Every structure is written in structure tokens, then in C-alpha cells.
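Engineer: In the working numbering, the protein residues as written are 1 to 357.
Right, dumping it as C-alpha cells:
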């Protein structure tokens with residue numbers, strides 16, 4: 001009968017579908033695990049890069065401060081040999097004694113020498129250098145002789161010694177200090193921008209992790225539903241096989257009864273042939289009607305089972321498409337995350353190059 005052939009064909013159609021669905025489930029699980037691993041690696045790499053960038057920034061700031069201090073000390077070394085304080089008056093005294101080649105007869109106050117600049121009179125410091133104004137008779141009482149002595153109209157001498165290198169070095173040092181401050185502020189702004197970008201990327205990573213956890217929970221729910229549907233399908237297949245077996249057993253029983261009746265008729269003889277045939281004619285239509293009704297009922301049940309299997313197969317296809325769309329969304333989110341991480345690495349690299357330059 002064609003009824004026994006149709007379930008076997010439906011089984012052949014469902015087995016590849018189940019196999020394909022299980023393979024897709026396994027591949028999706030592997031893909032989710034790989035995504036979680038990559039996300040964890042990216043977060044650890046980002047944290048290490050932020051830490052190294054902060055350490056490098058602090059190291060560079062300390063090196064810049066030490067370099068500025070050493071350059072300033074080396075600049076003052078020719079003029080300062082002794083003395084606990086770097087007083088400007090004391091430094092100018094040293095410069096004056098170096099230029100005049102004489103000895104200073106001033107007095108000491110707290111370790112600082114009061115030079116001839118303070119003894120002779122007031123001092124001015126224009127852009128061209130330092131000039132000492134003193135009376136002529138006071139200057140003539142001392143044996144200081146300078147090449148740059150000019151006699152003014154009022155009878156005073158103007159003693160000039162050049163401080164052009166010092167003024168130029170101070171101006172260049174101040175300009176360099178301003179440039180360094182500008183570079184430091186620009187670097188700090190770049191570092192702040194990179195830190196903000198890193199924080200934004202970290203927040204995005206956390207949001208993606210949360211979304212990934214939600215998707216994993218949804219996938220787990222879908223897997224549970226698919227497993228329940230698979231169990232229901234197995235029960236339906238077992239029920240269908242049991243019904244087919246009972247139907248086959250019923251057919252065999254009917255054939256055996258008919259054979260027994262034919263044997264009884266053959267043994268009974270011609271005298272009872274008419275009576276048995278009458279009984280058989282009365283019983284056979286009833287039996288055939290009953291068998292046909294039973295077969296119709298079984299066919300209807302089998303058709304219902306096939307419809308249920310078809311509906312479940314359609315549901316499986318929809319669930320499979322939904323899982324595929326979720327996998328594609330995860331792939332897109334992973335791709336977007338990789339792009340943002342690359343942008344952040346580029347920003348960090350640009351900040352490092354700015355610091356090095």
C-alpha cells in the first residue's frame with residue numbers, strides 16, 4: 001500500500017534537515033566563542049596600550065624636566081662657582097669681576113658678595129646690557145680699568161660690559177620653554193582625545209558584550225525550543241511507525257481469517273456450501289466495511305501526522321533563517337568593533353609619534 005511508502009520518504013526528507021540544523025548550530029556556537037575570545041584579546045590589548053602610553057607620557061615629562069634643569073645649570077655654570085643662593089645681584093658681581101679682572105672689596109651678607117655694582121651706585125639693565133653709573137672721583141680712587149668707559153657731560157662715567165649672549169640665551173630659552181609648553185599642551189590634548197576615544201571604545205565593547213550575552217540567551221532559548229520540537233517529532237515518528245505496524249498486523253490477520261474460512265468451506269462439502277457462502281456473503285461486506293473504516297481512520301491520522309511534520313519543518317526553517325540572520329548581525333558587529341579598534345590604535349600611534357617628534 002502507498003501509505004507505508006510515504007512516511008519513509010518523509011523521514012529521508014527530515015534527516016538532512018536535522019543534520020543541517022545541527023551543523024549550523026555547532027558552527028554558530030564556534031563563531032560565538034571565537035567572537036568572545038577576540039573581544040577579550042582586544043580589550044586586554046587596549047588596556048596594555050593605554051598603560052604603556054601613560055607610562056611613556058610620564059617618562060617623557062620627567063626627561064624633559066631633567067633636560068631643562070641640566071641645560072639651565074650648565075648655562076649658569078661659567079658665572080656661578082660658589083655661594084648657596086643664585087641671587088641676581090651676586091651673579092652680576094661675578095660677571096663684573098670676570099670682566100674687570102680685579103678683586104671685589106665688598107662685604108658679605110649671608111653668603112652673598114656685595115660687589116662694586118652695589119657699592120658704586122645704581123644700576124640699569126636695558127636690552128643691550130647692564131650699565132653702572134658712578135661718580136668720577138669714586139671711580140678714580142679704585143684701580144679698575146675697563147675698555148668700555150665713557151665720560152658723560154655731567155662728569156660721570158658709564159661702565160658698560162656686554163651681556164648680549166646672556167640676553168639671547170635667555171630669550172631663546174624662554175622661546176624654547178614656550179614651544180615646549182605648547183607641544184606639551186598639544187600632546188596632552190592628543191592624549192586626552194585618545195583617552196576619550198579609548199573610553200568610548202571600552203563602553204562600546206561593554207555594550208557589545210551585553211548584546212552578545214543577550215543573543216546567547218536567545219540562542220539558548222531557541223536551541224531548547226528546537227530540542228523540544230525534535231523530541232515531539234521523534235514521538236510522532238514512533239507513533240506513526242507503531243500505527244503502520246498495527247495496520248499491517250490487522251491486514252495479515254484478515255488474510256489469515258479469510259484463508260481459514262476458505263479451508264473450512266473446502267472441508268465442509270457441497271451440502272453445506274450454500275449455507276457457508278450465505279454466511280460469508282453476510283459477514284464479508286460487514287468486515288470489509290469495518291476494515292475500510294479503520295483504514296480511512298488510519299489514513300486520516302497519518303495525514304494529520306504528515307501535516308504536523310510539515311508544519312514543524314516550516315518552523316525549523318524559520319528558526320534556521322532567524323539564527324542565520326543573528327549570526328550575520330554578530331559578524332557585522334564584530335567587523336565594526338575591529339574597525340573601531342584599528343582607529344583607536346591609529347590614534348594611539350599618532351599620539352606616540354607626536355610625543356617622539
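Every residue, glycine too, gets a C-beta built ideally from N, C-alpha and C.
Fair warning: this is a prediction, and the values are worked out from it, not measured in the lab.
Do you know offhand how far residue 224's Cα is from residue 218's?
Structural biologist: Answer to the nearest angstrom: the Cα atoms are 10 Å apart.
Engineer: Beta carbon of residue 312, beta carbon of residue 233: below 7 Å?
Structural biologist: Closer than 7 Å, so yes.
Engineer: Is the segment 209-217 touching the segment 299-308, taking contact as three or more C-beta pairs under 8 Å?
Structural biologist: No, the segment 209-217 is not in contact with the segment 299-308.
Engineer: How would you label residue 86, buried or exposed, when you count the other beta carbons within 10 angstroms and need 16 or more for buried?
Structural biologist: Reliability of the predicted coordinates at residue 86 is poor, the pLDDT of 42 falling under 50, and the value obtained from them is presented with this limitation in mind. Under this definition residue 86 is an exposed residue.
Engineer: Out of curiosity, what's the CA-to-CA distance linking residue 248 and residue 230?
Structural biologist: Cα-Cα distance, rounded: 27 Å.
Engineer: Output yes or no for whether 7 Å exceeds the beta carbon distance between residue 333 and residue 203.
Structural biologist: It is not a contact, given that the beta carbons lie outside the stated cut-off.
Engineer: Can you check whether the CB of residue 194 is closer than 7 Å to the CB of residue 347?
Structural biologist: Yes, the pair counts as a contact, with Cβ atoms nearer than the cut-off.
Engineer: Excluding the 5 residues flanking residue 222 on each side, which residues of the same chain have their C-beta closer than 8 Å to its C-beta?
Structural biologist: If we look at residue 222 and ignore the five residues flanking it on each side, its Cβ neighbours are 319, 322, 323.
Engineer: In terms of alpha-carbon separation, which member of 21, 57, 31 lies closest to residue 330?
Structural biologist: Ranking the options by Cα distance to residue 330, first place goes to 31.
Engineer: Can you tell which of 199, 262, 299 has the C-alpha that lies nearest to the C-alpha of residue 244?
Structural biologist: It is 299 whose Cα lies nearest to the Cα of residue 244.
Engineer: Since I believe residue 64 is in contact with residue 180 (beta carbons under 8 Å), could you give me their beta-carbon distance rounded to a whole number of angstroms?
Structural biologist: So it is a contact: roughly 7 Å between Cβ atoms.
Engineer: Please name the residue, chosen from 24, 198, 309, that lies closest to residue 51 on a Cα-to-Cα basis.
Structural biologist: The option with the nearest alpha carbon to residue 51 is 198.
Engineer: Going by CA-CA distance only, name the one from 23, 40, 55 that's closest to residue 191.
Structural biologist: Of the listed residues, the one whose Cα sits closest to residue 191 is 55.
Engineer: Roughly how many angstroms lie between the CA atoms of residue 262 and residue 252, to the nearest whole one?
Structural biologist: Cα to Cα, residue 262 sits roughly 15 Å from residue 252.
Engineer: Just to confirm before moving on: does the CB-CB distance between residue 201 and residue 35 stay below 7 Å?
Structural biologist: No; because the gap between Cβ atoms is not below 7 Å, this pair is not in contact.
Engineer: Flag this pair as yes or no: are the beta carbons of residue 327 and residue 53 separated by less than 7 Å?
Structural biologist: Result no, Cβ atoms of residue 327 and residue 53 do not sit closer than 7 Å.
Engineer: How should residue 39 be labelled, buried or exposed, when 16 other C-beta atoms within 10 angstroms of its C-beta is the threshold for buried?
Structural biologist: Residue 39 comes out buried.
Engineer: Any idea if residue 359 is buried or exposed, counting beta-carbon neighbours within 10 angstroms, 16 or more meaning buried?
Structural biologist: Absent from the structure is residue 359, since the part of the chain shown begins at 1 and ends at 357.
Engineer: Quick check: residue 42 and residue 341, are their CB atoms within less than 7 Å of each other?
Structural biologist: Contact flag set, yes.
Engineer: Thinking C-alpha only, which one of 250, 21, 317, 314 is nearest residue 293?
Structural biologist: It is 250.
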